[in-house]
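A quick write-up on the structure given underneath.
2 protein chains.
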Amino acid sequence: MEPLPENLFQSSTDLVAAIVQEADTGQVLMLAWMNREALTLTMETKMATYWSRSRSEIWIKGATSGNIQEVQSIALDCDSDALLLKVKQTGPACHTGEVTCFHRRLMTGSMD
Amino acid sequence: MEPLPENLFQSSTDLVAAIVQEADTGQVLMLAWMNREALTLTMETKMATYWSRSRSEIWIKGATSGNIQEVQSIALDCDSDALLLKVKQTGPACHTGEVTCFHRRLMTGSMD
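First to last, the sequence lines map onto chains A and B.
Yeah, the first sequence ends on 808 if you go by the working numbering, and it's all consecutive.
Yeah, the second sequence ends on 808 if you go by the working numbering, and it's all consecutive.
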């Protein structure tokens, strides 16, 4: 496993945004947050693990609901403040029961 | 055009994360930030317009580089702190010249 870039998580309280995309369909499922521990656990276990900003704790996606995310790849963006996870999602990603958290349309184009 | 949800941008300094996805390929291109003005301008002009946290100003993606993003749809997530924009990207999305800002692999799975 590659070491994390030096400019990632310079402080133990640093968070990066984690975009979660279904690997098979390309559908964007959710946005979550990771600290160093969450990213390290995710890379070690291949189970998507995040930092809850509201509860201030590590959470394993699907630990309660069973709707786990098996991580297939992780990419870092050019300025090291966002991650893209490609996952195999079990069940719906959203706590509302929707497939994706992005289920409320603000603008719909002619292509949709 | 639908009015913005009441719990979105309750303060004039509120920002939401904007995930940008290429509409045709499904490739995730970048993560940017929007305040109310940036989202309103984006919806009015269909040209992706963001809030720069480092420069504290509105920026129209591609205004300098020509690498504009024509917005086809916008969705809001379940807890109103992230947006998903589907765009038609002209040229590379990343300032490095890469197609996507997510071009640095931290973990590669067996599927890749």
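Beta carbons are placed, not taken as given, at the ideal position from N, Cα and C, and that holds for glycine.
A residue is called buried once 16 or more other Cβ atoms fall within 10 Å of its Cβ, and A759 (chain A), having fewer, is exposed. Counting along the chain, no beta strand (DSSP E) covers A734 (chain B); the unbroken alpha helix (DSSP H) around it starts and ends at 732–741. Residues of chain A whose Cβ lies closer than 7 angstroms to the Cβ of M743 (chain B) do not exist; the shortest such Cβ separation is about 13 angstroms. Taking 8 angstroms as the cut-off between beta carbons, none of the residues of the region 751–766 of chain A comes near chain B. L711 (chain A) and V724 (chain A) have their C-alpha atoms roughly 20 angstroms apart. In terms of Cα proximity to K782 (chain B), the closest of B:I764, B:S708, B:S748 is B:I764.
In the displayed model, A714 (chain A) falls within a strand according to three-state DSSP. For the region 701–725 of chain A, residues whose beta-carbon sits nearer than 7 angstroms to a beta-carbon of chain B comprise A713, I715, Q717, A719, G722, V724.
Residue nearest to Q768 (chain B) within the set B:D720, B:T709, B:A713 is B:D720 (criterion: CA-CA distance).
Looking at the DSSP output, R751 (chain A) sits in no beta bridge, so it has no partner there. Counted as a single uninterrupted DSSP element, the beta strand (DSSP E) harbouring L772 (chain B) occupies residues 765–772. For T745 (chain A), the three-state secondary structure derived from DSSP is strand.
Under the Cβ criterion (8 angstroms, minimum of three pairs), the region 744–755 of chain B does not count as touching the region 745–754 of chain A. For S769 (chain A), the closest Cβ of chain B is nearer than 7 angstroms.
Rounded to the nearest whole angstrom, the CA to CA distance from C774 (chain A) to T792 (chain B) is 8 angstroms. Nearest to A728 (chain B) by C-alpha distance, out of B:C790, B:S707, B:V795, is B:C790. The distance from the Cβ of I770 (chain A) to that of M739 (chain A) is about 7 angstroms, consistent with a contact at the 8 angstroms cut-off. For the region 790–808 of chain A, the set of positions with a beta-carbon nearer than 9 angstroms to some beta-carbon of chain B reads C790, H791, T792, E794, T796, C797, F798, H799, R800, R801, L802, M803, T804, G805, S806, M807, D808 in chain order. Contact check for M730 (chain B) against W747 (chain B) passes: the beta carbons are separated by less than 7 angstroms.
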